[in-house]
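Residue numbers (this note's numbering): 4 to 57. First up is the structure itself, then whatever we jot down about it.
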Amino acid sequence: MVVKVYGPRTASTKRVLLVLIEKGIEFETVDVDVSKGNTNNLNSSNYSPLELFL
């Protein structure tokens with residue numbers, strides 16, 4: 004299973020990605036532009052517990 008990391012490109016997101024790389028966990032990034040208000044689609048309950056929101 005691939006972990007999805009949702010978030011803007013900030014230091015906190017990069018820290019999470021660094022840990023995933025160090026642990027050898029496969030991941031996919033989904034960029035979220037909070038300045039454009041693209042957070043509305045993140046309110047769904049369809050996300051897996053392994054998907055990270057930052």
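Quick reminder that beta carbons are idealized off the backbone N, C-alpha and C, glycines included. Fair warning: this is a prediction, and the values are worked out from it, not measured in the lab.
**Prompt:** Cα separation between S38 and V6?
**Reply:** 24 Å
**Asked** Taking the alpha-carbon positions, what's the K12 to M4 distance?
**Response** The sequence shown places Arg at residue 12, not Lys. One C-alpha to the other measures close to 23 Å.
**Prompt:** Where does the unbroken beta strand (DSSP E) through T32 begin, and where does it stop?
**Reply:** 30 to 34
**Asked** If we count the other Cβ atoms within 10 Å of its Cβ and call it buried at 16 or more, is G10 buried or exposed?
**Response** The residue is buried, with at least 16 neighbouring Cβ atoms inside 10 Å.
**Message:** Here's the rule: buried if 16 or more other CB atoms are within 10 angstroms of the residue's CB, otherwise exposed. What is V22?
**Reply:** exposed
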